Amino acid sequence: MLKLLSMVAAVIVWGLLSLTLPPEIFPGPIETARTLWGEVVGGQVWTDLAMTMLRVVGGLVIALMLGVPVGVLMGLSRRAEGILDVWVMIGLTVPSLCYAIMAFMWFGLNEGAAIIAIAVTAAPSITINIWEGVKNVDTRLVAMARVFEASRPAIVRRVLMPQIFPYVMASARFGLGIIWKITVLVELIGRPNGVGFKLFYWYQLADMRQVLAWTLLFTIIMLLIELLILKPIERRIFAWRPQVAV
Amino acid sequence: MNSVIEVASLRKSFTGRDGTSRAVLKDLDLQVGAGEFLCILGPSGCGKSTLLNVLAGLDKVYEGQARVSGGRVGYLFQEPRLLPWLTAEGNLDFALDSCKVEPSRRSELKSRYLAMTGLSDYRDYYPHQISGGMAQRLALVRALCVEPGILLMDEPFSGLDEITARRIRSDLLSIWEETRKTIVFVTHNAYEACFLADRILVMLGGAFRQEVRVPIARPRSYDDPAVFQLSRDVIKAFGDEIDREPAPSAIPLTEPSLVDDLDRHAAARMNI
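Just so you know, the sequences run in chain order P and S.
Using our numbering, read the first sequence as starting at 1 and increasing by one per residue.
Using our numbering, read the second sequence as starting at 1001 and increasing by one per residue.
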């Protein structure tokens, strides 16, 4: 309920602010929504949206496949931590634009290169999350499991994984936040479709109505994914957790 | 009396950061008979948890002999150490699965020990939904339901409030009288030791100082003046030394198996 109210308030503020500038430079919410509706009805939106989603999901999956094992390794082994932590820092520091340029230069202007650039940008922050998580594993529970003669695979599956999983979930979410932004950037510099491409296209035509309409569309899709997919998954998996009342 | 635990010339030392080694267990000899309730009484840092870790097989680096026979070992930690994502029953199932207890016997074992500890109605509760005392009871059920021949207990009630601890101690005694498991119970609480044990070994600086037989008849009552009298004598005889026990100077290197001792050292400092 509060969420809804704050969103309504934000739309009102947007509306009021837009009055200070001419509508072709800063269109209000109604006008933006109308433009967006025109695009949706026109049917062009879906291809671009689908391409963006494909890159986002592909990038996330590959980023997790890279980031989770490296993070687990770093959490478990001091040696791996010593060797890899500087690389994670470097990976984190290099701007995503550099990854995108390198990927397109080396692998060509294709879908694979775009997804690689997205995954490589997001992987270091996923690694850091998992690394911290594995370091926080409660070794006292492992000792408990050993006393009860649990086998090594059983300890990994029933004692370690449940402790690491919340961090995987958190880093997937965190990674997704980063990936949305990189995807748009990658599309802008190297793809002939997608939300980022559209944004840049309308920017070159100096059509602020369209720019804001696409931004709005993107935001709505993001919110829907968060509220309809991620939150319910999280609620289901972490039902055992105590409710924190402050 | 046939011994189920036999320890001979057990030695163990930790190496400090500066390379000096500190003996934590000095030539310990110990026999525990089947069905005996033994308490090891000593101050923080005297090596009693280390001894227990050796007996439990958690710590395999030592010199001398430590042989435990007479069946599976159950262990009750100072904290409940329940898996927070499993319900009470899920935690019991974890232990039963790990110990490969026959599936046909599981439900009977669970019901029996849950009933003994008054937790029958809490099967579906998660650990965070029950009190600290109940969580420790559940940990006791978990240790019992895998049918150990020997139960090792590491200050299991020291984290609880006194009223709760008292009730669980009495429950433990009645369970013990019914099942007659061999119990090795480590504590720094002289009264607790006198109330529970057949025999008390006072441990100081990694060695046993004295053996005290507890002549009090069973079933015992917590307010029995004889318990009070005996605990006063024990404290009188060893209290001074317990107080003078120097704080451990070398903190052992961090190894996973030493976590308990580190906790103990931290606790020792806070007590002072």
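Glycine included, each C-beta is placed from N, C-alpha and C at the ideal position.
This structure is a prediction, so every number in the text was calculated from the model and none was measured.
Is residue i near the ligand GDP - that is, is its Cβ less than 7 Å away from at least one heavy atom of it?
i	result
Gly-190(P)	The ligand GDP is absent from the structure shown, which contains no ligands of any kind.
Rounded to whole angstroms, what's the CA-CA distance from residue i to residue j? Just pull it up for me.
i	j	result
Val-68(P)	Arg-157(P)	16 Å
Val-1141(S)	Gly-1064(S)	33 Å
Leu-17(P)	Ile-30(P)	13 Å
Ile-237(P)	Ile-1130(S)	20 Å
Leu-185(P)	Pro-27(P)	23 Å
Phe-104(P)	Ala-113(P)	6 Å
Thr-63(P)	Ile-126(P)	Inspection of the sequence shows that residue 63(P) is occupied by Ala rather than by Thr. Looking at the two C-alpha atoms, the distance is approximately 7 Å.
Ile-221(P)	Trp-46(P)	12 Å
Thr-215(P)	Leu-199(P)	8 Å
Ile-1040(S)	Arg-1213(S)	12 Å
Leu-160(P)	Asp-1233(S)	47 Å
Lys-1012(S)	Asp-1059(S)	10 Å
Asp-247(P)	Glu-81(P)	As shown, chain P starts at 1 and ends at 246. That puts residue 247(P) outside it, with no answer to give.
Leu-2(P)	Ser-171(P)	26 Å
Leu-5(P)	Glu-1162(S)	50 Å
Val-56(P)	Leu-1025(S)	59 Å
Tyr-167(P)	Arg-152(P)	22 Å
Ser-96(P)	Phe-218(P)	20 Å
Leu-230(P)	Leu-54(P)	17 Å
Trp-37(P)	Asp-1093(S)	56 Å
Which residues mark the beginning and the end of the alpha helix (DSSP H) in which residue i is found?
i	result
Thr-1015(S)	Unbroken run through Thr-1015(S) is the beta strand (DSSP E), 1003 to 1015; no alpha helix (DSSP H).
Met-89(P)	78 to 93
Ile-178(P)	161 to 190
Leu-216(P)	208 to 225
Val-1141(S)	1132 to 1145
Ala-1190(S)	1190 to 1196
Exposed or buried, residue i, counting other C-beta atoms within 10 Å across all chains shown (16 or more means buried)?
i	result
His-1128(S)	exposed
Pro-1246(S)	Residue confidence for Pro-1246(S) is low, a pLDDT of 46 falling below 50, so the modelled location carries little weight; the figure read from the coordinates is stated next. It counts as exposed.
Tyr-1134(S)	Checking the sequence shown, residue 1134(S) turns out to be Met, not Tyr. Buried is the call here.
Pro-1252(S)	Only weak support exists for where Pro-1252(S) lies, its pLDDT of 45 falling under 50; the coordinates are left without a value.
Asp-48(P)	buried
Arg-78(P)	exposed
Gly-177(P)	exposed
Asn-1091(S)	buried
Gln-1210(S)	exposed
Lys-1100(S)	exposed
Gly-194(P)	buried
Met-1116(S)	buried
Pro-1215(S)	exposed
Val-1073(S)	buried
Gly-58(P)	buried
Lys-1110(S)	buried
Thr-1015(S)	exposed
Ile-1005(S)	buried
Val-92(P)	According to the sequence shown, residue 92(P) is Leu rather than Val. Leu-92(P) should be labelled exposed.
Met-51(P)	buried
Val-977(S)	Given that chain S is displayed from residue 1001 to residue 1272, the structure contains no residue 977(S) and the question cannot be resolved.
Ile-115(P)	buried
Would you give the residue range spanned by the beta strand (DSSP E) that residue i belongs to?
i	result
Ser-1158(S)	From DSSP, Ser-1158(S) is part of no beta strand (DSSP E); its letter is neither H nor E.
Ala-1023(S)	1021 to 1033
Val-1212(S)	1207 to 1213
Ile-1200(S)	1199 to 1204
Cys-1039(S)	1037 to 1041
Glu-954(S)	With chain S covering 1001 to 1272 only, the question about residue 954(S) has no answer from this structure.
Val-1184(S)	1182 to 1187
Gly-112(P)	Gly-112(P) -> not in any beta strand (DSSP E); alpha helix (DSSP H) instead, spanning 111 to 135.
Leu-205(P)	First-last for Leu-205(P): undefined, no H or E at that position.
Val-1073(S)	1073 to 1076
Does the beta-carbon distance from residue i to residue j come in below 8 Å?
i	j	result
Asp-1224(S)	Leu-1038(S)	no
Asn-129(P)	Phe-174(P)	yes
Arg-209(P)	Thr-20(P)	no
Leu-1114(S)	Arg-1106(S)	no
Gly-1159(S)	Gly-1047(S)	no
Leu-1010(S)	Leu-1028(S)	yes
Gly-1042(S)	Val-1202(S)	yes
Ile-85(P)	Met-74(P)	A small fix is needed here, since residue 85(P) is Asp in this sequence, not Ile. Cβ atoms of Asp-85(P) and Met-74(P): closer than 8 Å.
Ile-1150(S)	Ala-1190(S)	no
Val-1184(S)	Glu-1155(S)	no
Val-134(P)	Val-70(P)	no
Ser-1231(S)	Cys-1194(S)	yes
Arg-1137(S)	Leu-1119(S)	yes
Thr-1182(S)	Gly-1019(S)	no
Tyr-1062(S)	Ala-1088(S)	no
Gly-1033(S)	Ser-1003(S)	yes
His-1188(S)	Ser-1049(S)	no
| query | Using 8 Å as the threshold, is the region 117 to 133 of chain P in touch with the region 178 to 194 of chain P, meaning 3 or more CB pairs across them? | reply | Yes: at least three Cβ pairs fall under 8 Å.
| task | Check whether the region 142 to 151 of chain P touches the region 1077 to 1096 of chain S, counting contact only when three or more Cβ pairs, one atom from each stretch, lie closer than 8 Å. | result | yes
| If we count Cβ pairs, one from each stretch, closer than 8 Å, do we get three or more for the region 1212 to 1219 of chain S versus the region 1172 to 1186 of chain S? | yes
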